[in-house]
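One structure below.
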Amino acid sequence: VVFEKLPAVDSNAVPEDIPLRVVYEDRFFLVIDKPAGMVVHPAAGNYTGTLVNALLFHCKDLSGIGGVMRPGIVHRLDKGTSGLLIAAKSDEAHRGLAAQFKRREVKKTYHVLVHGDVKGENGVIDAP
């Protein structure tokens with residue numbers, strides 16, 4: 735048996751001056767245009783450079799519902815996905831927005847860029 739004690743990892747996300755493209759903001763929430771390649775919240779292997787780190791730097795108030803690693807985060811987008819992401823500024827706004835997502839009242843539309851010969855004006859891709 736080999737035992738190696740690893741250094742402690744700070745469990746709190748820290749503010750970082752990372753540029754954000756804010757598409758909309760009011761006193762309840764903000765909408766960020768998240769670029770592809772950016773992780774939404776700190777996790778193993780990605781404790782810095784995340785959207786949460788940027789939000790902590792740029793926003794005075796964020797919802798605490800997501801805990802110290804996900805403040806304000808109502809939903810997420812995968813690292814490789816770009817798109818709009820909503821962050822709540824208060825617990826009340828967070829609860830309301832999360833309920834709308836849960837009831838599927840938020841319409842999500844995805845657009846993709848493809849290379850090659852595409853048939854038809856629209857369609858469905860059913861692939862893993």
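Sequential numbering of the sequence shown, starting at 735, is according to our numbering.
For each residue, glycine too, the CB sits at the ideal point set by N, CA and C.
Predicted model, so just to flag it, every value in this text is computed and none were measured.
| query | result |
| --- | --- |
| Which residues DSSP lists as bridging K842, in chain order | Note: K842 sits in no beta bridge, so no partner. |
| Ordered list of alpha helix (DSSP H) runs contained in the stretch 735 to 795, each at least 4 residues | 785 to 792 |
| Residues near F791 by beta carbon distance below 8 Å, same chain, minus five either side | P749, E750, D751, I752 |
| Buried/exposed call for R755, threshold 16 Cβ in 10 Å | exposed |
| Distance between V858 and L819 (C-alpha atoms, nearest Å) | 24 Å |
| Distance between beta carbons of V808 and K831, contact taken as under 8 Å | One detail in the question is off: residue 831 reads as Leu in this sequence, not Lys. Right, the Cβ-Cβ distance comes to about 5 Å (below 8 Å), so this counts as a contact. |
| Distance, R761 Cα to K794 Cα | 11 Å |
| Contact with chain B by L819, beta-carbon distance below 8 Å | Any reference to chain B falls outside this structure, which holds one protein chain only. |
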